[in-house]
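Each residue of the sequence shown is one higher than the last, beginning at 64 in the working numbering.
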Amino acid sequence: LPIDLLTGVDAQKAALVENGRRLAKGLPAHDALLWGARGAGKSALVKSSVGALQAEGHAIALIEIAGDHLETLPALFTRIADSERAFILFIDDLGFAEGSSAPRLLRSMLEGGAEARPANARLYVTANRRHIVSRDLKEQDDPINPRDVIDDKLALADRFGLSLGFHVCDQPTYVAMVEGYAARFGLDVDPQDAVQWATQRGSRSGRVAWQYVVELAGRQGKRI
């Protein structure tokens, strides 16, 4: 998706593109955690930011990694470490089952482990939770110091130098999203109809805005 079509996330957009630009130039750059509301544009922004950097002429690529195959990351690191190209390693919608050892594995790859990611690669992770790992009130009854339990769970999110929050958008921002898409694809749009669509869906987000535009294009017999 062209990055200029992403509306309502200007600050997140600027931060992620600049971070990727630094990586592509061989400068210090952060691993990034994009967290927050469903359908708010987290995944779309990761992909669009790489496309925008490629359009600027930077040698950078996106590799998407399944969240349940993190143990294969060291092999990937070895494959790409000597490349002159920069890489964004993208893990979408990351979550862990209770008791999983994967959070500690990922932590070691992000910082300090023997198999840490190479200098030409950074991890971009999206998650619905700010701290990625779920927390439970039963932690307070743990025989271990509850503070220690909580700190251990939050330690993974702390490894990301860039943390970008995405929140449910207000009605004017949602309508602006719809109008931006409609203008790009030559569609006629009634803002009230767009709002009614979101009301029926029970949420306002970039995803819902796009779904409405797909519906609108179908009604008007236009391809998008």
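Note that the Cβ used here is the ideal one computed from N, Cα and C, for glycine as well.
Measure the C-alpha to C-alpha separation of residue i and residue j and round it to an integer number of angstroms.
{"i": "HIS93", "j": "ASP251", "result": "41 Å"}
{"i": "PHE140", "j": "LEU79", "result": "22 Å"}
{"i": "PHE6", "j": "VAL109", "result": "Since the first residue of the chain shown is 64 and the last is 287, residue 6 is not available in this structure."}
{"i": "VAL276", "j": "LEU90", "result": "39 Å"}
{"i": "MET172", "j": "GLN117", "result": "26 Å"}
{"i": "ALA100", "j": "ARG286", "result": "29 Å"}
{"i": "ALA87", "j": "TRP273", "result": "30 Å"}
{"i": "ALA280", "j": "ASP253", "result": "13 Å"}
{"i": "ASP145", "j": "PRO235", "result": "47 Å"}
{"i": "ASP221", "j": "ASP155", "result": "18 Å"}
{"i": "ALA246", "j": "MET240", "result": "10 Å"}
{"i": "GLN75", "j": "LEU97", "result": "9 Å"}
{"i": "ALA257", "j": "ASN191", "result": "25 Å"}
{"i": "THR189", "j": "ILE126", "result": "14 Å"}
{"i": "CYS232", "j": "GLU174", "result": "34 Å"}
{"i": "GLY284", "j": "GLU278", "result": "10 Å"}
{"i": "ALA77", "j": "ALA124", "result": "18 Å"}
{"i": "TYR187", "j": "ARG282", "result": "37 Å"}
{"i": "GLU134", "j": "SER266", "result": "36 Å"}
Cβ of residue i within 7 Å of Cβ of residue j?
{"i": "LEU219", "j": "ARG264", "result": "no"}
{"i": "THR70", "j": "GLY243", "result": "yes"}
{"i": "LEU157", "j": "GLY130", "result": "yes"}
{"i": "ILE66", "j": "ALA115", "result": "yes"}
Closer than 6 Å by C-beta to residue i: which residues in its own chain qualify, once you throw out the five before and the five after it? Chain order, please.
{"i": "SER268", "result": "GLY102 and ALA103"}
Among the candidates the options, whose CA atom is the shortest distance from the CA of residue i?
{"i": "LEU64", "options": "VAL188, HIS230 and LYS105", "result": "LYS105"}
{"i": "ALA122", "options": "ALA239, ARG85, GLY284 and GLU278", "result": "ARG85"}
{"i": "ASN183", "options": "LEU168, ASP155, SER266 and ILE151", "result": "ILE151"}
{"i": "ARG180", "options": "ALA261, THR189 and PRO137", "result": "PRO137"}
{"i": "TYR237", "options": "TRP260, GLY120 and LEU157", "result": "TRP260"}
{"i": "GLY120", "options": "ILE126, SER112 and VAL231", "result": "SER112"}
Below 7 Å CB to CB, which residues in the same chain sit around residue i once its five sequence neighbours on both sides are set aside?
{"i": "ASN82", "result": "ALA92, HIS93, ALA95 and LEU225"}
{"i": "GLU147", "result": "ALA122"}
{"i": "VAL271", "result": "GLY102, ALA261 and ARG264"}
Report the partner residues of residue i according to the DSSP bridge assignment.
{"i": "LEU225", "result": "ALA95"}
{"i": "PHE153", "result": "GLU127 and TYR187"}
Using only the heavy atoms of the ligand HEM, determine whether one of them is closer than 6 Å to the beta carbon of residue i.
{"i": "ASN183", "result": "Ligands are entirely absent from the displayed structure, and the ligand HEM is therefore not among its contents."}
Using a Cβ-Cβ cutoff of less than 8 Å, which residues in the same chain neighbour residue i once the five nearest sequence positions on both sides are dropped?
{"i": "GLN255", "result": "none"}
{"i": "PHE229", "result": "VAL72, GLN75, LEU97, TRP98, GLY99, ALA100, ALA103, GLY104 and LYS105"}
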